[in-house]
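Just below is one structure, and these are the notes that go with it.
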Amino acid sequence: MWNTFKYTVLSITRERSVVVWVILFPLILSTLFNVMFKGMDDTAFSLPTISVAVVDQSQNGAGEAFGATMDALSESDDGEDALLAPVYVKTADEAYEKLKAGETVGTITVDADGWPSLQLSPGAGDVGVSMEQVKRTVLADIVDDFCRSRAAAEDIIENDPAALANPGVVESFSARDDYTSELSITHSKTKEYVRYFYALLGFAALMAAMVGLNAVGAIQPNISPLGARRALSGTSRAKMLAGAIAASWVVSFAALLVAFVYIRFVLGVEFGDRDGACVLGLAVAALMSTSLGALIGAMPAIPLSAKGGVLTGITCLLSLFAGLYGTPALRLADQVAHDAPWAAAINPAKQVTDLFYSLYVYTDLEPFFQTIGVLVAITAIFALAAALLMRRQRYASL
Amino acid sequence: MAIVDVRNLVKRYGDVLALDHFNLQIEQGEVFGLLGPNGSGKTTTINCILQLLTYDKGEIELFGQPMKPTSYDLKRRIGVVPQDVAVFDELNVRENIDYFCGLYVTDATERRALVDEAIAFVGLEDYAKFRPKKLSGGLKRRLNIACGIAHKPELIFFDEPTVAVDPQSRNSILEGIQRLNAEGATVVYTSHYMEEVEQICSRIMIMDRGESLACGTKDDLVRMVSTGEKVEIEAPDLPDGTLEALGGLPFVRRFSHDGTTIHLLCDNGPHNLANILGVLQERAVVFGRVYSEPPTLNDVFLEITGKELRD
Chain A
1 MWNTFKYTVL SITRERSVVV WVILFPLILS TLFNVMFKGM DDTAFSLPTI
51 SVAVVDQSQN GAGEAFGATM DALSESDDGE DALLAPVYVK TADEAYEKLK
101 AGETVGTITV DADGWPSLQL SPGAGDVGVS MEQVKRTVLA DIVDDFCRSR
151 AAAEDIIEND PAALANPGVV ESFSARDDYT SELSITHSKT KEYVRYFYAL
201 LGFAALMAAM VGLNAVGAIQ PNISPLGARR ALSGTSRAKM LAGAIAASWV
251 VSFAALLVAF VYIRFVLGVE FGDRDGACVL GLAVAALMST SLGALIGAMP
301 AIPLSAKGGV LTGITCLLSL FAGLYGTPAL RLADQVAHDA PWAAAINPAK
351 QVTDLFYSLY VYTDLEPFFQ TIGVLVAITA IFALAAALLM RRQRYASL
Chain B
1 MAIVDVRNLV KRYGDVLALD HFNLQIEQGE VFGLLGPNGS GKTTTINCIL
51 QLLTYDKGEI ELFGQPMKPT SYDLKRRIGV VPQDVAVFDE LNVRENIDYF
101 CGLYVTDATE RRALVDEAIA FVGLEDYAKF RPKKLSGGLK RRLNIACGIA
151 HKPELIFFDE PTVAVDPQSR NSILEGIQRL NAEGATVVYT SHYMEEVEQI
201 CSRIMIMDRG ESLACGTKDD LVRMVSTGEK VEIEAPDLPD GTLEALGGLP
251 FVRRFSHDGT TIHLLCDNGP HNLANILGVL QERAVVFGRV YSEPPTLNDV
301 FLEITGKELR D
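Line order of the protein sequences matches chains A and B.
Those letters in the first sequence? Residues 1 to 398, per my numbering, in order.
Those letters in the second sequence? Residues 1 to 311, per my numbering, in order.
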């Protein structure tokens, strides 16, 4: 068995298709994902500068306070873009022309008493939340905030001018206290894009089944001359199978581990800081992939190359329902999991994806171990089916 | 005691009868040739003997013991060199031989010596680190043989081991088989190359359509067929009556003269040529080169199996 194990590991790791599809491809794909999804990180969001027309009709310096506000908001800070880019115009018509031409998002008109009012572009029937809508909301907030603060200050001056002697009251005009705080109900602050990397590991686990497929296929007498030759030897097929399957598991596990280390430590994708559990999950995923490979490898009367095609097809299809191919696929995967949970439960790619997602999201490890249980059950079914197909030691024809 | 004893073996592929109550007995120390056209049942016979294929009826004993699919103790005494080169493309020559030897010999130290010996036996010392893809067809065949014989089996099956190899490699392979036999191995050799079987086999079976048609030494087989000795003598000037005198000899079946050469077809006999030359000398015929061709295994094979084309 050791002899078969040793040389199966050697032959598998020297096979170009295995190196490319099982080891290199997940690394390449994860690098592409990293480039594509980096911008989806919540912390990376920044609002572009908002262009706004300002018509100042104030008299006797009444618009000074609002002018100072505009100046403060149009200064760039620490190299970042300024929030506002005011375009001062003389007339409302001129401002309207700029709004119509799309050069500005809105027009702020400062009246004779220095009170600002805002006219916004109507939008173009936007569906959902667009950046233009965000800009309009921000402008409205700025004008509202200014008006509320000025009204409050004037009210104090009129009714209780002595209060202005208290520095705390004056500071309160510019203070912006947060009365809400962000709490995470999940184990980690969730980022949507990490799911693609977990789905990628599910995809990689299925692709790793190619290892088991080749190893088991090379033992089948009716698949290749090599299989027939080995079947004539003085070693029992059970021992050869055990060696080949153990070797397949080791190689699959190593390939998944390489992908995990690259995604986790080189690309910096979060896995909920539970690396030990992740490694356990990878070991179980490799077991599942080996049994899947053994099952396809044991299928009779199909050439080995055709079996490779079957495996690739299955991998691509199941990965679709694990959400690998972008937002629509993610929605589809969620929809299937919601409407037909049994379909998600029997999809090994989805289960491997969920394995890592459960570690990332849930504080409790129970969902993780539930998924481990499902994967072990899938492995047992695949292995049993493979054993049934391989149970015969002799063939009516080759 | 027969080292291989097959009795009444019947094997069907659907409606096709591949082996029809086939019997085979091979004694220890023989190089036994299994000769037959394509599809005659040679490889099927070997696969049934080695329990790779199921069969419908019959008994198979090797080394005096019944052969079963799980007779690993018997299988360890057998070497197989299959028709197709069956090695790992990703392993080099040494690794391949070590792997196949390891299926029979578990001790690594013992195996190392056996692998070295097998590499030297097939002359692949300079290619030990080469992968099969880098080897020529002949070298691949030699690797295939090394994988089958490294564990020093007592009984070796060679299934058409010289298909598509050059004459030098073929000669090397045949010499190797003779050496293995000299070292004590019993050899079963299947082929449809007559000259190979003639060269190395001590006993030959001609089979066709799953049946044994003839079995014996080469001389036994030659005696079985009606094809006789062919004699050709260069004699441009033939005196009148000479050809008729030759035709009158009791062992001459056909005679002719094409203007330069006399062509005679004779029954098998030990003194045919001496009698023919005696007639020519009596008549003072001047003759040049003389060719005498006794019946070959090829003649025997074609006469027994027929001349129609096979797949």
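Just so it is clear, CB atoms sit at the ideal spot from N, CA and C, and this is done for glycine as well.
Subject >> Option in Arg264(A), Ala162(A) and Leu206(A) with minimal Cα separation from Tyr360(A) >> reply: Arg264(A)
Original post:
Given that Asp84(B) touches chain A, what residues does it touch there, using C-beta distances under 7 Å?
Top reply: Those are Pro225, listed as they occur along chain A.
Original post:
Mind pulling the chain B residues with CB within less than 9 Å of Glu15(A)?
Top reply: Asp89 and Glu90
Original post:
With Ser292(B) and Leu273(B) assumed to form a contact (beta carbons below 8 Å), what rounded beta-carbon distance in angstroms separates them?
Top reply: 5 Å
Original post:
Between the stretch 109 to 122 of chain B and chain A, which residues of the former have CB atoms less than 7 Å from a CB of the latter, in chain order?
Top reply: none
**OP:** Output, in chain order, the set of chain A residues within a Cβ distance shorter than 8 Å of Lys75(B).
**Re:** Leu232, Ser233 and Gly234
Original post:
Going by alpha carbons, who is nearest to Trp21(A) out of Gly309(A), Met390(A) and Leu73(A)?
Top reply: Gly309(A)
Original post:
Based on the DSSP output, what are the partners of Gly14(B) in its beta bridges?
Top reply: Answer is none; Gly14(B) lacks a bridge partner.
Subject >> 8 Å contact criterion, which Phe146(A) and Pro116(A) should meet: CB distance rounded >> reply: 6 Å
Original post:
Does any C-beta atom of chain A lie closer than 7 Å to the C-beta of Leu264(B)?
Top reply: no
Original post:
Between which two residues does the beta strand (DSSP E) containing Ser212(B) stretch?
Top reply: DSSP places Ser212(B) in the uninterrupted beta strand (DSSP E) bounded by Glu211 to Gly216.
Subject >> Gly33(B) - DSSP class collapsed to helix/strand/coil >> reply: strand
Original post:
Can you check whether the CB of Gly243(A) is closer than 7 Å to the CB of Tyr72(B)?
Top reply: no
Subject >> Residues that Arg195(A) contacts on chain E, provided the C-beta gap is smaller than 8 Å >> reply: Considering every chain present, this structure includes no chain E. Its protein chains are A and B.
Original post:
Taking the continuous alpha helix (DSSP H) assigned at Glu244(B), which residues delimit it?
Top reply: Thr242 to Gly247
**OP:** Return the residue from the list Glu158(A), Val194(A) and Val18(A) that minimises the CA-CA distance to Phe271(A).
**Re:** Val194(A)
Original post:
Among the residues of its own chain, which have a CB less than 6 Å from the CB of Ala337(A), if the five just before and after it don't count?
Top reply: Ala344
**OP:** Mark Phe173(A) as exposed unless 16 or more other C-beta atoms lie within 10 angstroms of its C-beta, in which case mark it buried.
**Re:** exposed
Original post:
So what does DSSP say about Leu332(A), is it helix, strand or coil?
Top reply: helix
**OP:** Using a threshold of 7 Å, state whether the C-beta atoms of Ala86(B) and Leu24(A) are closer than that.
**Re:** no
Original post:
Mind checking Glu144(B): buried by the 16 CB within 10 Å criterion, or exposed?
Top reply: Residue identity differs from the one stated: residue 144(B) is Asn in this sequence, not Glu. Counting C-beta atoms within 10 angstroms of its own C-beta, Asn144(B) has 16 or more neighbours from the protein chains shown and is therefore classed as buried.
Original post:
Which same chain residues, not among the five before or five after Thr162(B), have their C-beta less than 6 Å away from its C-beta?
Top reply: Arg170 and Ile173
Original post:
Secondary structure at Tyr88(A), three-state DSSP: helix, strand or coil?
Top reply: Note: Tyr88(A) maps to strand in three-state DSSP.
**OP:** Would you mind sorting Gln351(A) into buried or exposed? The rule is 16 or more other CB atoms within 10 Å of its CB.
**Re:** buried
**OP:** List the residues of chain A whose Cβ lies closer than 8 Å to the Cβ of Glu95(B), in chain order.
**Re:** Tyr7 and Leu10
**OP:** Could you tell me whether any Cβ in chain B is nearer than 7 Å to the Cβ of Arg229(A)?
**Re:** By this cut-off, Arg229(A) is an interface position.
**OP:** Identify whether Asp5(B) lies in helix, strand or coil by the three-state DSSP scheme.
**Re:** strand
Original post:
What number of angstroms, rounded off, separates the C-alpha of Tyr453(A) from the C-alpha of Leu27(A)?
Top reply: Any answer about residue 453(A) is impossible in this case: the structure gives chain A only from 1 up to 398.
**OP:** Give the C-beta separation of Val6(B) and Gly64(B) to the nearest angstrom, bearing in mind that I take them to be a contact with Cβ-Cβ under 8 Å.
**Re:** Going by Cβ atoms, the distance from Val6(B) to Gly64(B) rounds to 13 Å, so no, they are not a contact pair.
Original post:
If you pair each beta-carbon of the stretch 205 to 224 of chain A with each one of the stretch 271 to 291 of chain A, do three or more pairs fall below 8 Å?
Top reply: yes
**OP:** Go ahead and label Val105(B) buried or exposed: buried means 16 or more other beta carbons lie within 10 angstroms of its beta carbon, across all protein chains shown.
**Re:** buried
**OP:** Mind checking which residues open and close the beta strand (DSSP E) that includes Phe271(A)?
**Re:** From DSSP, Phe271(A) is part of no beta strand (DSSP E); its letter is neither H nor E.
Subject >> First through last residue of the alpha helix (DSSP H) which encompasses Glu366(A) >> reply: Glu366 to Met390
Original post:
Using CA coordinates, which residue listed in Leu10(A), Thr13(A) and Ser30(A) is at the minimum distance from Tyr325(A)?
Top reply: Across the set Leu10(A), Thr13(A) and Ser30(A), the C-alpha of Ser30(A) shows the shortest separation from the C-alpha of Tyr325(A).
Original post:
Using a beta-carbon distance cut-off of less than 7 Å, what residues from the stretch 211 to 222 of chain A approach chain B?
Top reply: Pro221
Subject >> Proximal chain A residues relative to Gly102(B), where beta-carbon distance stays under 9 Å >> reply: Trp2, Asn3, Thr4, Lys6, Tyr7 and Thr235
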